[in-house]
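**Student:**
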Amino acid sequence: MKTAARVEDVAEKLTSLAKRRGFVFPSSEIYGGAGATWDFGPLGVELKRNVKDSWWRAMVQLRDDIVGLDGAILMHPRVWEASGHIENFTDPLVECSHCRKRFRLDELPNGDALTSAWRANKLDLSKEPCPNCGSMPALSQPRRFNLMFKTFVGPVEDTASIAWLRPETAQSIFVDFESVQQATRRKLPFGIAQIGKAFRNEITPGNFIFRSREFEQMEMQYFSRAADAPRFYEEWKDLRRAWHVAQGIPANKLRFRDHAADERAHYAAAATDIEFEFPFGWREFEGIHYRTDYDLRRHSEFSGKDLSYFDDATNARFVPHVVETSVGADRATYAILCAAYDEEPDKEETRVVLRLRPHLAPYKIAVLPLSKKPELSALAREVWAAVRPHFMSTFDETQAIGRRYRRQDEIGTPLCVTVDFESLVDRAVTIRERDSMGQVRVPIAELIPALREKLGA
Ligand code: GAP
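Residue numbering for the sequence shown follows our numbering, beginning at 214 and increasing consecutively.
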């Protein structure tokens with residue numbers, strides 16, 4: 214019998230589980246944290262890597278029209294002028310004159326209406342109380358706050374040495390467009406995919422790893438003729454949604470939200486968010502944008518390098534149009550954790566299960582000797598040594614076997630292999646499934662194919 218945990222509790226329970234079991238820790242915690250940055254622990258690094266591998270497989274390995282890239286984080290400062298980020302990558306920031314707390318305008322109660330009013334030059338904050346101290350009137354007129362982190366290259370901190378930490382990975386794809394196209398001799402339409410770190414000096418980070426100041430993006434730019442771009446925009450919406458469902462996110466927890474003209478990013482002619490129902494409400498976790506020829510055209514203009522494409526079928530030269538898919542690896546990992554979290558009654562207690570799809574689970578297999586007796590331990594270690602080259606796996610021999618099963622359930626390990634006293638005689642072991650808790654006995658000699666079949670690998 215399945216009893217879902219109360220939705221609003223899930224965020225809190227996951228944050229605690231993530232810390233206790235080694236998925237995610239606050240960064241620099243012994244110094245009191247470092248302001249919305251996170252470290253992925255031994256289990257978190259496996260989970261996030263599996264999410265990224267799954268994305269790469271879908272977006273690069275299984276496609277004959279997409280290639281990969283790993284661009285540098287530090288780029289020429291003109292990149293960010295050309296891309297429009299220096300001028301436009303801003304959030305409206307308001308400050309309370311009493312408690313000095315700062316807020317993003319769109320995150321105030323009634324934020325959407327306030328933002329629309331601000332865009333229409335009709336904003337009146339005199340009747341808006343400060344969400345922190347309640348003072349009214351106290352909120353300042355919004356000022357534009359650029360989200361990019363500034364740094365300096367080399368020993369001198371002057372305007373000539375300014376560099377920016379990239380706020381999106383996409384720009385190296387645009388800047389390298391011609392190099393990639395020529396090196397791979399690609400013809401339109403084709404895509405370039407990239408996974409990498411991005412940085413934003415968010416005014417109001419929060420909700421655990423949902424919004425942080427350092428995060429990873431998984432982005433793909435699909436280059437095509439202008440006339441084909443609207444069709445690819447629709448196709449990528451469907452493909453990306455299907456990918457999320459294949460990661461175990463129920464279809465009814467996903468929806469599209471099209472951006473109104475006045476909320477689109479400066480580069481987008483059309484944009485939609487794929488939203489997931491997080492425990493704190495529906496929120497964006499992937500953006501799909503029709504960026505037109507904006508970026509290539511701007512980089513041509515600012516660098517002086519012609520980034521147009523020569524179509525040898527028509528002998529015409531033109532600047533390709535771009536449809537972009539962009540999802541945060543951390544945010545996707547969080548959504549997957551939220552969707553996987555489950556609780557069910559278990560005798561007097563509650564069984565916590567992360568129902569992660571096997572390809573995402575940090576450990577696919579846990580090898581568990583029934584007791585710590587040396588002869589069982591030795592055989593179990595032999596079994597683990599046979600399993601390790603094939604599957605990311607773990608070994609646990611402390612405490613009662615029931616408790617050890619629960620520990621593996623809680624971190625999403627799909628299969629446990631139990632070595633018992635009978636195993637010493639019949640050279641067979643028990644495979645126990647996380648979801649059904651069903652058990653089957655398998656000869657050690659046939660264990661690897663049996664595990665592979667059960668994992669659906
Ligand atoms: N290149 C387009 C772009 O960056 P975006 O909608 O600003 O578009 C894309 O960001 C995705 O990156 C978001 O849907 C989200 O998953 C992730 N993301 C953005 N800001 C983030 C943050 N502060 N923390 C974690 N993930 C973030």
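Even for Gly, the Cβ is constructed at its ideal location relative to N, Cα and C.
Tell me which same chain residues have a C-beta within less than 6 Å of the C-beta of Gly409, skipping the five on either side of it?
**Tutor:** On the sequence shown, residue 409 is found 196 positions in, with the first residue counted as 1. Taken in chain order, the residues that qualify are Thr382.
**Student:** Between the alpha carbons of His298 and Arg511, how many angstroms are there, rounded?
**Tutor:** Here residue 298 refers to the residue found at position 85 when the sequence shown is read from its first residue. Here residue 511 refers to the residue found at position 298 when the sequence shown is read from its first residue. Cα-Cα distance, rounded: 12 Å.
**Student:** Return yes when the Cβ of Leu581 is within less than 8 Å of the Cβ of Asp622, no when it is not.
**Tutor:** In the sequence shown, residue 622 corresponds to position 409, counting from 1. In the sequence shown, residue 581 corresponds to position 368, counting from 1. No, the Cβ-Cβ distance between Asp622 and Leu581 is not below 8 Å.
**Student:** Report the partner residues of Met361 according to the DSSP bridge assignment.
**Tutor:** Residue mapping note: residue 361 aligns to position 148 of the sequence shown, counting from 1. Met361 pairs with nothing; no bridge assigned.
**Student:** First and last residue of the beta strand (DSSP E) that includes Leu467?
**Tutor:** Residue numbering aside, residue 467 sits at position 254 when the sequence shown is read from its first letter. Counting along the chain, the beta strand (DSSP E) containing Leu467 begins and ends at Leu467 to Asp471.
**Student:** Could you give the DSSP three-state label for Tyr554: helix, strand or coil?
**Tutor:** As a working mapping, residue 554 is identified with position 341 in the sequence shown. DSSP places Tyr554 in strand when its eight states are reduced to three.
**Student:** Any heavy atom of ligand 1 closer than 7 Å to the Cβ of Phe428?
**Tutor:** Counting from one through the sequence shown, the residue named residue 428 turns up at place 215. Yes, Cβ of Phe428 sits closer than 7 Å to a heavy atom of ligand 1.
**Student:** Report the start-end ranges of each beta strand (DSSP E) in the region 294-360 that is 3 residues or longer and not cut off at the edges.
**Tutor:** Counting whole runs of 3 or more residues, the region 294-360 contains the beta strand (DSSP E) stretches 303-308, 315-317 and 356-359.
**Student:** Gly246 and Pro255 - do their beta-carbons sit closer together than 8 Å?
**Tutor:** For the purposes of this step, residue 255 is taken as the residue at position 42 of the sequence shown. For the purposes of this step, residue 246 is taken as the residue at position 33 of the sequence shown. No; because the gap between Cβ atoms is not below 8 Å, this pair is not in contact.
**Student:** Can you list, in chain order, the residues of its chain with a C-beta nearer than 7 Å to that of Arg654? Leave out the 5 residues immediately preceding and following it.
**Tutor:** Residue mapping note: residue 654 aligns to position 441 of the sequence shown, counting from 1. Taken in chain order, the residues that qualify are Ala641 and Thr643.
**Student:** Report yes if the CB atom of Leu360 is closer than 8 Å to the CB atom of Pro342, and no otherwise.
**Tutor:** The sequence position of residue 360 within the sequence shown is 147, counting from 1. The sequence position of residue 342 within the sequence shown is 129, counting from 1. Cβ distance not < 8 Å, so Leu360 and Pro342 don't count as in contact.
**Student:** Run through the region 218-264 for me and flag every whole beta strand (DSSP E) of 3 or more residues, listed as ranges in chain order.
**Tutor:** For the region 218-264, whole beta strand (DSSP E) runs of length 3 or above, ordered along the chain, are 237-239 and 251-253.
**Student:** Among Tyr446, Val540 and Pro533, which residue has its Cα nearest to the Cα of Gln407?
**Tutor:** Taking the first residue of the sequence shown as position 1, residue 407 is located at position 194. Among Tyr446, Val540 and Pro533, the Cα nearest to that of Gln407 is on Val540.
**Student:** Quick check on the burial criterion: 16 or more other C-beta atoms within 10 angstroms. Buried or exposed for Leu321?
**Tutor:** If you number the sequence shown from 1, residue 321 lands on position 108. Under this definition Leu321 is a buried residue.
**Student:** Can Phe421 and Asp508 be called in contact, C-beta distance under 8 Å?
**Tutor:** The sequence position of residue 421 within the sequence shown is 208, counting from 1. The sequence position of residue 508 within the sequence shown is 295, counting from 1. No. Outside cutoff.
**Student:** Can you list, in chain order, the residues of its chain with a C-beta nearer than 6 Å to that of His479? Leave out the 5 residues immediately preceding and following it.
**Tutor:** Against the sequence shown, residue 479 aligns to sequence position 266. Contacts found: Gly297 and Asn301.
**Student:** Starting from the C-beta of Gln652, find all residues in its chain whose C-beta is less than 6 Å away, skip the five residues before and the five after it, and write them out in chain order.
**Tutor:** In the sequence shown, counting from the first residue as 1, residue 652 sits at position 439. Around Gln652: Thr643 and Arg645.
**Student:** May I ask you to check if the CB of Ser590 is nearer than 7 Å to at least one heavy atom of ligand 1?
**Tutor:** As a position in the sequence shown, residue 590 is number 377, starting the count at 1. Not so, every heavy atom of ligand 1 lies at least 7 Å from the Cβ.
**Student:** Does the separation of the CB atoms of Leu592 and Leu628 fall below 8 Å?
**Tutor:** As a working note, residue 592 is residue 379 in the sequence shown. As a working note, residue 628 is residue 415 in the sequence shown. Not closer than 8 Å, so no.
**Student:** For Arg413, is the beta carbon positioned less than 7 Å from some heavy atom of ligand 1?
**Tutor:** Within the sequence shown, numbered from 1, the residue matching residue 413 stands at position 200. At least one heavy atom of ligand 1 is nearer than 7 Å to the Cβ of Arg413, so yes.
**Student:** Kindly indicate which three-state DSSP category Asp486 falls into: helix, strand or coil?
**Tutor:** Position 273 of the sequence shown holds residue 486. Correct three-state label for Asp486: strand.
**Student:** Express the C-alpha separation of Arg270 and Ile405 in angstroms, rounding to a whole number.
**Tutor:** For the purposes of this step, residue 405 is taken as the residue at position 192 of the sequence shown. For the purposes of this step, residue 270 is taken as the residue at position 57 of the sequence shown. Roughly 13 Å between the two C-alpha positions.
**Student:** Across the region 347-356 and the region 441-453, are there enough close Cβ pairs to call them in contact, namely three or more that are closer than 8 Å?
**Tutor:** The region 347-356 is not in contact with the region 441-453.
**Student:** Please check the pair Leu260 and Pro575, which I expect to be a contact at CB under 8 Å, by giving their CB distance rounded to whole angstroms.
**Tutor:** In the sequence shown, the residue the question calls residue 260 occupies position 47. In the sequence shown, the residue the question calls residue 575 occupies position 362. Confirmed, Cβ separation roughly 5 Å.
**Student:** The alpha helix (DSSP H) with Pro533 in it runs from where to where?
**Tutor:** For the purposes of this step, residue 533 is taken as the residue at position 320 of the sequence shown. Segment: none, Pro533 is in no alpha helix (DSSP H) and carries neither H nor E.
**Student:** Report the rounded CA-to-CA distance for Thr216 versus Asp633, giving the unit in angstroms.
**Tutor:** What you label residue 216 is simply residue 3 of the sequence shown in a count that begins at 1. What you label residue 633 is simply residue 420 of the sequence shown in a count that begins at 1. Because the pLDDT at Thr216 is just 46, under 50, the model does not fix this residue reliably, and the point stays unresolved.
**Student:** Just mark Met214 as buried or exposed, buried being the case when its beta carbon has 16 or more other beta carbons within 10 Å.
**Tutor:** As a first step, residue 214 must be located in the sequence shown, where it is residue number 1. Interpretation of Met214 is limited by its pLDDT of 36, a score under 50 that renders its predicted location unreliable; no figure is taken from the coordinates.
**Student:** Tell me whether Ser241 counts as near ligand 2, meaning its Cβ is closer than 7 Å to at least one heavy atom of that ligand.
**Tutor:** With respect to ligand 2, the structure offers nothing, as its ligand set consists of ligand 1.
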